[in-house]
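When you line the sequence shown up against this note's numbering, it's residues 7 to 417, in that order.
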Amino acid sequence: MPIQRETLEKFLRDFQREWRFILATFAASGAGYLGSAAAPVIVQALIDAGLDYQQAGDLGTIELMSLTVVSTVIAPYVPRLSHRKLAVGGTLLVIAGLIVSASSVGYGAMLIGRLVTGAGSGLAISGANAAIAARKDAERVFAIIWTMGGGITAALSMNLPDYVEGGNYPVGFGILVLLCLIGLPMMFWIPPRPATFASPGSTDLPPTDQVSEREQPESVFGPLVWMALIGIFVYSLAEQALWNFAYNIPYEAGIPPDLVEWILGLTTLMGLAGGGIAAIMGTRLGRILPLVVGSLVSAAGRWIYIASPGSEWLFAGGLLWGLGFYFVSPYQIGLLAAIDRRGRTAVAAGAAMNLGYAIGPTVGGRILQHLDHSALILVVVAATLASMALLLPSALRADRLSRDATEPVER
Numbered sequence: 007m008p009i010q011r012e013t014l015e016k017f018l019r020d021f022q023r024e025w026r027f028i029l030a031t032f033a034a035s036g037a038g039y040l041g042s043a044a045a046p047v048i049v050q051a052l053i054d055a056g057l058d059y060q061q062a063g064d065l066g067t068i069e070l071m072s073l074t075v076v077s078t079v080i081a082p083y084v085p086r087l088s089h090r091k092l093a094v095g096g097t098l099l100v101i102a103g104l105i106v107s108a109s110s111v112g113y114g115a116m117l118i119g120r121l122v123t124g125a126g127s128g129l130a131i132s133g134a135n136a137a138i139a140a141r142k143d144a145e146r147v148f149a150i151i152w153t154m155g156g157g158i159t160a161a162l163s164m165n166l167p168d169y170v171e172g173g174n175y176p177v178g179f180g181i182l183v184l185l186c187l188i189g190l191p192m193m194f195w196i197p198p199r200p201a202t203f204a205s206p207g208s209t210d211l212p213p214t215d216q217v218s219e220r221e222q223p224e225s226v227f228g229p230l231v232w233m234a235l236i237g238i239f240v241y242s243l244a245e246q247a248l249w250n251f252a253y254n255i256p257y258e259a260g261i262p263p264d265l266v267e268w269i270l271g272l273t274t275l276m277g278l279a280g281g282g283i284a285a286i287m288g289t290r291l292g293r294i295l296p297l298v299v300g301s302l303v304s305a306a307g308r309w310i311y312i313a314s315p316g317s318e319w320l321f322a323g324g325l326l327w328g329l330g331f332y333f334v335s336p337y338q339i340g341l342l343a344a345i346d347r348r349g350r351t352a353v354a355a356g357a358a359m360n361l362g363y364a365i366g367p368t369v370g371g372r373i374l375q376h377l378d379h380s381a382l383i384l385v386v387v388a389a390t391l392a393s394m395a396l397l398l399p400s401a402l403r404a405d406r407l408s409r410d411a412t413e414p415v416e417r
């Protein structure tokens, strides 16, 4: 008990000291992820307004693909760019894209709006991820942000449908614009300049304009980093392949719709618990154990949810699924941040994650269309375990570097 009390007290002290930085990076990340968080509700509103299923789905995919491309292109250059300018500029682009989307009456104009929104999201998220990656406690900050993001997602899922009922999608996009405007002033708390690697005992890093000649992009993105990026992509693909049909699977199994909605709500709430545990625990136990435990819990929850024969098993699977996903995700991106404190690999991790989110629904839909639920179980669970195996070597290296590092990490 004394250890747990000491860990919680340290977490609360750190949060009190760093709340401006946490709110600033959460606002930047949130501006990038709001579209994805509200996607199920907005998609239904677009369908009610007259778009077909394929058009509505393509709009979500094009936004995520735009986000992925921008994040990928910008990743090697983040040490030379202002994290604050990336966050603020990206959020302004997001707002512009949302306004175009809200005022669109045709599919072509809506497509342009989603492209602009995705590009802005890529910039805003890159600024936040790079700023967080420069800190020794990156995993803890990522976990706090994921937990807060889960709360926003749950709030949008429960309240946004009332405002967009009957295809009133402009109001939905308008609410997202309002949330971006609320967060925009906070982003000026993000440090304006890139930072150097911290000593093992510190959390705040001195600014620098220098980029080490030894840390060029080709040396940073070595084999272990590429394995980890593929692992994050595979994990995210499996997540979205299931999440996109999380309502449909139990509904077709005969479980009442109201019960399914209630279970999915509890899944999100359990996710908040998972993110909170990760935020409090940080890297006290290293990265390998949380990565393994979180991946196994995710795999078990996803399996049980798809295969559930009744509401009790569906409930159990949903809780494990939410707990594992929100617990392990901050460690996945955090271990890449630990390998390169200049933020390049963390930004690339965001790109890999969103690429998986963009492709996952297509993969899940085709499996369910042409095969069956057993095949989806096999793909989702195998992908989850494969991602763990691909990430473990980088987790081992990140733990070793955290113990020994006193200078910038080199590949």
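C-beta atoms are modelled at their ideal positions from N, C-alpha and C, and glycine is treated no differently. Since this is a predicted model, take the numbers as computed values, not measurements.
Its chain contains Ile-345, Pro-399, Ser-400, Arg-403 as the residues whose beta carbon lies nearer than 8 angstroms to that of Leu-230, once the 5 sequence neighbours on both sides are disregarded; these appear in chain order. The three-state secondary structure of Leu-361, taken from DSSP, is helix. About 7 angstroms separates the beta carbons of Arg-90 and Phe-194, which is inside the 8 angstroms limit, making them a contact pair. Counted as a single uninterrupted DSSP element, the alpha helix (DSSP H) harbouring Pro-263 occupies residues 263-287. Collapsing the DSSP output to three states places Ala-140 in coil.
Restricting attention to Asn-250, Pro-176, Leu-248, Leu-185, the CA atom closest to the CA of Val-111 is found in Pro-176. Sixteen is the threshold: since fewer than 16 other Cβ atoms of the shown chains lie within 10 Å of the Cβ of Glu-267, the residue is exposed. Between Arg-406 and the set Arg-293, Ala-34, Leu-70, Ile-196, the nearest pair of CA atoms involves Arg-293. Setting aside the 5 residues that flank it on each side, Pro-198 is surrounded in the same chain by Ser-88, Arg-90, each with a C-beta closer than 6 angstroms to its C-beta; the list follows chain order. Going by DSSP, Val-298 is part of the alpha helix (DSSP H) stretching over 294-313.
By the neighbour-count definition (other C-beta atoms within 10 Å, threshold 16), Gly-114 is an exposed residue.
Asp-143 is classed as buried because its beta carbon has at least 16 other beta carbons within 10 Å across all chains shown.
In terms of CA proximity to Asn-254, Ile-312 leads the group Ile-312, Pro-167, Val-240.
With respect to the C-alpha of Leu-185, the residue from Glu-171, Leu-70, Trp-309, Thr-159 having the closest C-alpha is Thr-159. For Arg-347 and Ile-188, the gap between their C-alpha atoms comes out near 29 angstroms.
Sequence-distant Cβ neighbours of Ile-310 in its own chain, meaning closer than 7 angstroms and more than five residues away, are Trp-319, Ala-322, Gly-323, Leu-326. Note on Gly-316: under 16 other CB atoms within 10 angstroms of its CB, so exposed under the neighbour-count rule. When Cβ pairs closer than 8 angstroms are counted between the two stretches, the segment 350-366 is seen to touch the segment 131-142, the count reaching three or more. Counting only runs of at least 3 residues, the segment 154-183 fully encloses no beta strand (DSSP E) element at all. For Val-303 and Leu-329, the gap between their C-alpha atoms comes out near 8 angstroms. Pairing Gly-126 with Gly-103 gives a Cβ-Cβ distance under 7 angstroms. By the criterion of at least three beta-carbon pairs nearer than 8 angstroms, the segment 245-263 is in contact with the segment 369-378.
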